[in-house]
Amino acid sequence: MAEQPDAQQPLTERVVIVTGGAGFVGSHLVDRLVERGDRVVVVDNVVTGTWDNLAHLGDRIERVEADVSQGLALDTLGDRTPDTVYGVCHLASPASPPAYLALPVETLMVGSEGTRHALEVARQRGARFLLASTSEIYGDPEVHPQPETYLGNVNAIGPRGCYDEAKRFAEAMTMAYARTHGVSVRIARLFNTYGPRLRAEDGRVVSNLLTQAMENRPMSIYGDGTQTRSFGYVDDTVDGLLRLLDSDVQMPVNLGTPTEFSILELVEAVRQVTGTTAEVVHLELPTDDPTQRQPDIGRAKELLGWKPEVTLIDGLHRYADWLSAQTA
Ligand code: NAD
Ligand code: UDP
12 MAEQPDAQQP LTERVVIVTG GAGFVGSHLV DRLVERGDRV VVVDNVVTGT
62 WDNLAHLGDR IERVEADVSQ GLALDTLGDR TPDTVYGVCH LASPASPPAY
112 LALPVETLMV GSEGTRHALE VARQRGARFL LASTSEIYGD PEVHPQPETY
162 LGNVNAIGPR GCYDEAKRFA EAMTMAYART HGVSVRIARL FNTYGPRLRA
212 EDGRVVSNLL TQAMENRPMS IYGDGTQTRS FGYVDDTVDG LLRLLDSDVQ
262 MPVNLGTPTE FSILELVEAV RQVTGTTAEV VHLELPTDDP TQRQPDIGRA
312 KELLGWKPEV TLIDGLHRYA DWLSAQTA
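Okay, so the sequence shown: first residue is 12 according to the numbering used here, each after it adds one.
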């Protein structure tokens, strides 16, 4: 196994590459890495992200605009990385259902070739590798809540298959690099995350409902709204990602908030936070929309000492403040 730089290495010498770092979750991860003194190289093609998310960091980070599915060869990065890289965090991928449904081939490519390219950099630079995987690998789960040992119920040929199978392939490729090349790997299975920098027009449920409520437009519920999700605030998610990156945990870890809400309950929470009088409108339920989703976070608690801290109401307030500031 290649020698891995350890978490105790002096911070000023540590370099972390973040693919997808101009996106919602990635940009918060970059903030935290910079805050603690790491040198960060962000690689992003801004297909769903924006460099605006990192504008406040000025020249404190390196930016590389590139499609990681095409390559993340060391020559792409030029002389921007030193010989030793502490971590490669692979977050690049469309993540919102409307985004990946519009970009199915690109989504499969970034999960497959993009992941392989990021793993190659980790192998060549002796870095630890962190994959941002997803609860979506459990598909429409028949086991509830979902522990990491649950193998999932995914429809490979349905429209969501492009995202679910891309991430399942990405996990398989990650494990193949661990077994074949001894790369030190971490797999984070993120559950629905929201918060500042989740674009108003991203299309996911929290951004949709909150922006609709704030503009007093009808709130869109797909289907009857009895389907459930577990919503995590981005600061908690990123705290979990950092703990996992710095840990020696080489098995998948769920990062999510175990409190489960139906979409109807989410609407009530949005009403409470915004005081909106907006009505609801029921729209067609997308094909293969999972009926329930709730993480079992026993592994994250035990191995990382991690648990989410921000309640849904607090998180919605913080996110609503950010959305208001965008339009002010
Ligand atoms: P996002 O769309 O805001 O960010 C994804 C970033 O990846 C964007 O900046 C985009 O431009 C970039 N990207 C996409 N394809 C690329 C490519 N081929 N080359 C280079 N860059 C590319 O989404 P997000 O919510 O921040 O998600 C980040 C990661 O976390 C994704 O991998 C996603 O699958 C995973 N995840 C997120 C959630 C969530 O609820 N936010 C849940 C589960 C998993
Ligand atoms: N949803 C909804 N209204 C919206 C957007 C989504 O009711 O405006 C539902 C969607 O059908 C799903 C849940 O909210 O059941 C979460 O959707 P999202 O796209 O945020 O993430 P998913 O968990 O499906 O990837």
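Yeah, the Cβ is synthetic: ideal placement off N, Cα and C, and Gly gets one too.
Quantities reported herein were computed from a predicted structural model and do not represent experimental measurements.
Would you report the Cα separation of residue i and residue j, rounded to the nearest angstrom?
i	j	result
P152	D70	44 Å
P109	N203	15 Å
R197	E212	31 Å
P229	N219	10 Å
W317	G309	9 Å
A13	L256	Caution is warranted here: a pLDDT of 41 is assigned to A13, below 50, making its placement in the model unreliable, and the coordinate value is therefore given only provisionally. The alpha-carbon atoms of A13 and L256 are separated by roughly 17 Å.
Q283	L277	10 Å
G98	A133	7 Å
P115	G150	17 Å
A331	G206	8 Å
F35	V245	9 Å
D325	A339	21 Å
L334	L275	22 Å
R25	H192	22 Å
G172	S80	18 Å
R127	F180	10 Å
T30	D63	16 Å
R215	S258	31 Å
L68	V154	42 Å
M184	V292	42 Å
L141	A189	12 Å
E279	Q238	14 Å
R210	I148	24 Å
Q337	V217	16 Å
E271	D307	11 Å
L327	S273	16 Å
S123	A289	42 Å
R50	G37	15 Å
Hey, would you say residue i sits closer than 7 Å to residue j, going by beta carbons?
i	j	result
A103	G125	yes
G286	L266	no
P301	R200	no
L44	V57	no
V96	R136	yes
V54	V75	yes
L65	A113	no
H101	V249	no
L296	G236	no
L314	S231	no
A129	L83	yes
G243	P319	yes
Please name the residue in the options whose C-alpha comes closest to that of residue i.
i	options	result
A106	E176, D42, E131, E290	E176
R240	G214, R254, R304, M225	R304
E226	V281, L162, V79, T145	V281
Y174	Y111, S273, I232	Y111
T268	Q157, S38, G37, L162	Q157
R329	L253, L221, T61	L221
S146	D78, E182, E279	E182
I168	T160, L209, L119	L119
E159	P170, E320, K312	K312
T61	R208, E131, Q261	R208
V121	L162, D78, Y161	D78
T322	D247, G37, S273, K178	D247
A187	L162, Q261, L253	Q261
N166	D307, T298, P306	T298
T59	R254, I72, V52, E117	E117
Pocket of ligand 1 (residues with CB nearer than 5 Å to any heavy atom), chain order = G31, A33, G34, F35, V36, D55, N56, V57, V58, T59, G60, D78, V79, S80, L102, A103, S104, A106, V121, A143, T145, L201, N203, T204
Whole runs of the beta strand (DSSP E) within the segment 49-134, excluding any shorter than 3 residues | Within the segment 49-134, the runs of beta strand (DSSP E) that reach at least 3 residues and sit entirely inside it are, in chain order, 50-55, 73-76, 98-101.
Return the chain-ordered ranges of every alpha helix (DSSP H) run that is complete within the segment 276-332 and spans a minimum of 4 residues.
-> Within the segment 276-332, the complete alpha helix (DSSP H) segments at least 4 residues long are 309-315, listed from N- to C-terminus.
At 4 residues or longer, and completely inside the segment 213-287: list those alpha helix (DSSP H) runs for me, N to C.
-> Counting only runs of 4 or more, we get 216-225, 245-257, 274-285.
Any chance you could list the beta strand (DSSP E) runs of at least 3 consecutive residues sitting entirely within the segment 130-171, in chain order?
-> For the beta strand (DSSP E) assignment, the uninterrupted runs of no fewer than 3 residues enclosed by the segment 130-171 are, from N- to C-terminal side, 139-145.
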